[in-house]
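K.L.:
Sequential numbering from 6 applies to the sequence shown in the numbering used here. Ideal Cβ placement from N, Cα and C applies to all residues, glycine included. None of the values given here were measured: they were computed from a predicted structure. Please find one structure pasted underneath; my questions will follow.
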Amino acid sequence: MSFAENCEEAILNGNVELAEKLANKAIKENIDINIAIDAFSLAIRKAGDLFEEGEFFLPELMRSAEAMKVAMAIFEPVLMEGKEDRFLGKVVIGTIEGDIHDIGKTLVAAIMSAEGFEIFDLGADVPVDKFIDKAEEVGADLICISALLTTTMVGQKRLIDNLKQRNIRDKYKVLIGGAPVSRKWVEEIGADGSAENAVSAVKLARRLLEK
Ligand code: B12
Numbered sequence: 006m007s008f009a010e011n012c013e014e015a016i017l018n019g020n021v022e023l024a025e026k027l028a029n030k031a032i033k034e035n036i037d038i039n040i041a042i043d044a045f046s047l048a049i050r051k052a053g054d055l056f057e058e059g060e061f062f063l064p065e066l067m068r069s070a071e072a073m074k075v076a077m078a079i080f081e082p083v084l085m086e087g088k089e090d091r092f093l094g095k096v097v098i099g100t101i102e103g104d105i106h107d108i109g110k111t112l113v114a115a116i117m118s119a120e121g122f123e124i125f126d127l128g129a130d131v132p133v134d135k136f137i138d139k140a141e142e143v144g145a146d147l148i149c150i151s152a153l154l155t156t157t158m159v160g161q162k163r164l165i166d167n168l169k170q171r172n173i174r175d176k177y178k179v180l181i182g183g184a185p186v187s188r189k190w191v192e193e194i195g196a197d198g199s200a201e202n203a204v205s206a207v208k209l210a211r212r213l214l215e216k
């Protein structure tokens with residue numbers, strides 16, 4: 006079986022030990038870390054598809070997520086090892102209120118940190134005001150809002166609307182992300198951009214702040 010097939014097996018079976026073993030193997034054998042993370046990400050999305058199709062129930066999805074989190078926790082310090090010795094800006098990041106999906110957000114935060122951004126990670130289920138208050142407190146350059154549910158995406162819009170109401174919209178670049186986010190949604194709510202994965206998120210953040 007290929008590495009990707011093994012990852013799929015570990016995630017779909019919610020096999021924490023195998024996920025852990027594969028993540029360590031990837032590091033030991035110098036497999037490109039982004040390729041390894043992609044393999045795990047594809048597998049967890051497959052678990053989501055099975056859930057949507059009624060083949061998986063919530064406990065199974067939760068076990069898959071647990072295996073995914075264990076693997077990502079092994080990659081995180083390795084991502085940080087290559088941390089660039091530079092300061093690109095301050096980033097407030099979190100998953101919007103009502104939403105507990107934090108795997109993707111944490112990956113974006115880790116890669117941004119390794120690239121040289123200073124990260125203020127508020128975690129998951131974060132109220133709109135908390136994002137804004139933190140950004141004001143630390144003098145952030147960028148606010149990053151993750152949402153994985155179609156029902157919680159509206160929080161991304163609410164955050165931008167609140168910035169406008171407080172007359173501070175122009176102080177921050179706002180990036181949004183998460184599986185349901187589309188280009189159309191970015192335009193509709195007036196965000197500064199979105200990215201499909203953590204690596205593109207960092208590239209976009211750099212481009213926006215260089216301007
Ligand atoms: C894992 C998972 C869970 C885990 C979450 C564990 C955790 N701590 O995160 C658990 C089991 C707890 C869970 C719960 C639920 N889930 Co869920 N879950 C998923 C699943 C399978 C994978 C998400 C994931 O981790 N992906 C891997 C990461 C690496 O990818 P990512 O999150 O997309 O992030 C990448 C990019 O999007 C981007 N990105 C992410 N954030 C940001 C932010 C910025 C600023 C930028 C630029 C980029 C960016 O970069 C990231 C890294 O590459 C998805 C399926 C899917 N296709 O997304 C369903 C999914 C999101 N869940 C779904 C549902 C319905 C639920 C529940 C409501 C189920 C229930 N009945 O209770 C609950 C919601 C609880 C809540 N209130 O939040 C649905 C949502 C459907 C919808 N249309 O809204 C999905 C799509 C599954 C499905 N196909 O039905 N879930």
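Taking 7 Å as the cut-off, does the CB of E81 come closer than this to any heavy atom belonging to the ligand B12?
P.N.:
Outside the cutoff, so no.
K.L.:
Taking buried to mean at least 16 other C-beta atoms within 10 Å of its own C-beta, is G182 buried or exposed?
P.N.:
That one is buried.
K.L.:
Residues in its own chain within less than 7 Å of V19 by CB, not counting five upstream and five downstream?
P.N.:
The sequence shown places Gly at residue 19, rather than the Val named in the question. Once the five neighbours on either side are set aside, the close Cβ partners of G19 are E65, R68, S69, E71, A72.
K.L.:
Going by DSSP in three states, T100 sits in which element: helix, strand or coil?
P.N.:
Of the three classes helix, strand and coil, the one that applies to T100 here is strand, per DSSP.
K.L.:
Give a single yes or no on whether K54 has its beta carbon closer than 7 Å to a heavy atom of the ligand B12.
P.N.:
Before going on, a small fix: residue 54 reads as Asp here, not Lys. Yes, the Cβ of D54 comes within 7 Å of a heavy atom of the ligand B12.
K.L.:
Is I116 near V207, with beta carbons less than 8 Å apart?
P.N.:
Yes; because the gap between Cβ atoms is below 8 Å, this pair is in contact.
K.L.:
For the beta strand (DSSP E) that contains G182, what are its first and last residues?
P.N.:
G182 -> beta strand (DSSP E) spans 178-182.
K.L.:
Would you give the residue range spanned by the beta strand (DSSP E) that D126 belongs to?
P.N.:
Unbroken beta strand (DSSP E) run through D126: 122-126.
K.L.:
Can you check whether the CB of G195 is closer than 8 Å to the CB of I148?
P.N.:
No, the Cβ-Cβ distance between I148 and G195 is not below 8 Å.
K.L.:
Taking the straight line between their C-alpha atoms, what separation do you get for L214 and L27?
P.N.:
Spanning the two alpha carbons is a distance of roughly 36 Å.
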